[in-house]
Amino acid sequence: MKALILVGGFGTRLRPLTLTLPKPLVEFGNKRMILHQVEALAEAGVTDIVLAVNYRPEVMEKYLAEYEQRFNVKITFSIESEPLGTAGPLKLAEEILGKDDAPFFVLNSDVICEYPFADLAAFHKKHGDEGTIVVTKVEEPSKYGVVVHKPNHPSRIDRFVEKPVEFVGNRINAGIYILNPSVLKRIDLRPTSIEQETFPAICADGQLHSFDLEGFWMDVGQPKDFLSGTCLYLSSLTKKGSKLLTPPNTPYVHGGNVFDRPIGQNRQELSHWSQRNNWS
């Protein structure tokens with residue numbers, strides 16, 4: 010199987026964490042963000058992974074070479090000469106994504122969740138249509154673009170409503186998809202949006218379905234969401250009794266604060282960034 014991860018550019022929304030590292034190499038839960046996704050994709054049987062990037066791919070090469078060996082996958086950079094949005098990168102990587110008739114995964118690099126790749130692939134194969142979007146339920150759908158289903162059909166998508174004033178549903182796009190290679194014919198090699206252009210076209214042909222995500226989900230592209238996502242991730246590990254967590258009998262700090270002093274280049278960059286943004 011194949012997958013494309015939409016890495017994008019400078020990661021400015023996640024500053025200061027991305028001042029000295031590209032976003033995929035930032036650690037989330039003691040593991041680099043890109044590793045969470047590569048590991049989950051490999052477990053689902055993916056052997057070809059494309060990273061759609063337009064910023065500092067050379068910094069990631071060492072880490073990704075290690076992941077290739079560890080998980081027995083091939084990781085390829087698809088480098089954009091200009092930002093191509095969320096659909097253009099698929100067309101740019103058409104040689105890999107369209108090399109056979111098998112569907113491929115697409116995911117945003119900011120998304121952290123319990124990636125349901127195996128179940129998603131099985132669901133997509135069962136309905137037999139062109140695309141499937143993973144959706145998650147939210148408490149305040151008026152802040153998002155909401156997925157609306159066909160009448161009397163639990164998964165076939167009818168349309169998308171951006172920040173609805175009146176309640177039309179509470180499921181939103183979770184930034185994870187599985188698509189047939191035929192979708193590539195719908196995309197031009199230009200800056201274009203999969204959410205605003207490609208998906209509505211697939212919907213119009215009755216070929217797009219949704220798949221409900223179980224468990225936690227967070228777009229960690231901003232610092233406050235990064236912190237919220239970390240809490241959700243740790244809670245999920247706790248519920249599962251994960252061995253990744255420190256045993257409860259291990260000494261830890263309680264009722265105090267820990268100040269992790271930045272060092273080296275990162276310290277200097279953080280200082281400059283704070284001064285520019287009037288932080289004290």
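Residue numbers (the working numbering): 10 to 289.
We put the beta carbon where it would ideally sit given N, CA and C, even for glycine.
query: Considering only C-alpha positions, which residue in the set Arg168, Ala183, Ile185 and His218 is nearest to valine 177?
result: The sequence position of residue 177 within the sequence shown is 168, counting from 1. Closest by alpha carbon: Arg168.
- prompt: Quick one: what's lysine 11 bridged to in DSSP?
  reply: Reading the sequence shown from its first residue, position 2 is the one you call residue 11. Per DSSP, Asp57 and Phe113.
query: With distances taken between CB atoms, is the gap from isoleucine 185 to proline 125 smaller than 9 Å?
result: By one-based count along the sequence shown, residue 185 stands at place 176. By one-based count along the sequence shown, residue 125 stands at place 116. Their beta carbons are under 9 Å apart, which means isoleucine 185 touches proline 125 by this criterion.
message: Which of the three DSSP states is assigned to leucine 217 in this structure?
response: Counted from its first residue, the sequence shown places residue 217 at position 208. It is a strand residue.
query: Count the other CB atoms within 10 Å of the CB of threonine 247; is the residue buried (16 or more) or exposed (fewer)?
result: Sequence index remark: in the sequence shown, residue 247 carries index 238 (1-based). Threonine 247 is exposed by the Cβ-count criterion.
Per DSSP, cross-strand counterpart(s) of tyrosine 186: What you label residue 186 is simply residue 177 of the sequence shown in a count that begins at 1. DSSP lists Val115 and Ile142 as partners of tyrosine 186.
message: By the DSSP assignment, the beta strand (DSSP E) with phenylalanine 169 in it spans what residues?
response: To locate residue 169, count along the sequence shown from 1; it is residue 160. Residues 166–171.
- prompt: Looking at alanine 12 and leucine 50, is the spacing between their C-beta atoms short of 9 Å?
  reply: To locate residue 50, count along the sequence shown from 1; it is residue 41. To locate residue 12, count along the sequence shown from 1; it is residue 3. Yes.
message: Within 10 Å of its beta-carbon, does isoleucine 88 have 16 or more other beta-carbons around it, so buried, or fewer, so exposed?
response: Indexing the sequence shown from 1 puts residue 88 at position 79. The residue in question, isoleucine 88, is exposed, as its Cβ has fewer than 16 Cβ neighbours within 10 Å.
field: Buried or exposed (CB count within 10 angstroms, at least 16 for buried), glycine 137
entry: Counted from its first residue, the sequence shown places residue 137 at position 128. Burial call: exposed.
- prompt: Alpha carbon to alpha carbon, what distance is there between leucine 15 and lysine 40?
  reply: If you number the sequence shown from 1, residue 40 lands on position 31. If you number the sequence shown from 1, residue 15 lands on position 6. Whole-angstrom Cα-Cα distance: 19 Å.
message: Quick check on glutamate 175: does DSSP put it in helix, strand or coil?
response: Taking the sequence shown and counting its residues from 1, the one referred to as residue 175 is at position 166. DSSP places glutamate 175 in coil when its eight states are reduced to three.
query: Could you give the residue range of the alpha helix (DSSP H) that holds histidine 136?
result: Numbered from 1 along the sequence shown, position 127 holds the residue referred to as residue 136. Start and end: 126–136.
- prompt: Under a Cβ-count criterion, where at least 16 other Cβ atoms within 10 Å of its own Cβ denotes burial, should glutamate 139 be classed as buried or exposed?
  reply: Position 130 of the sequence shown holds residue 139. Looking at its Cβ environment, which holds 16 or more other Cβ atoms inside 10 Å, glutamate 139 is buried.
query: Between leucine 34 and proline 66, what straight-line distance do the alpha-carbon atoms span, to the nearest angstrom?
result: For the purposes of this step, residue 34 is taken as residue 25 along the sequence shown, with counting starting at 1. For the purposes of this step, residue 66 is taken as residue 57 along the sequence shown, with counting starting at 1. One C-alpha to the other measures close to 11 Å.
task: With a 10 Å radius around its C-beta and 16 neighbouring C-beta atoms as the bar for buried, classify threonine 201 as buried or exposed.
output: On the sequence shown, position 192 is the one that residue 201 refers to. Flag for threonine 201 reads buried.
task: Name the residue from Ala96, Asn63 and Val47 whose alpha carbon lies nearest to the alpha carbon of arginine 79.
output: Start at 1 with the first residue of the sequence shown, and residue 79 comes out as number 70. Cα-wise, what sits closest to arginine 79 is Val47.
message: Give me the residue from Lys32, Phe86, Asp119 and Ser118 with the minimum Cα distance to glutamate 103.
response: Position 94 of the sequence shown, counted from the start, is the residue given in the question as residue 103. Nearest C-alpha to glutamate 103: Phe86.
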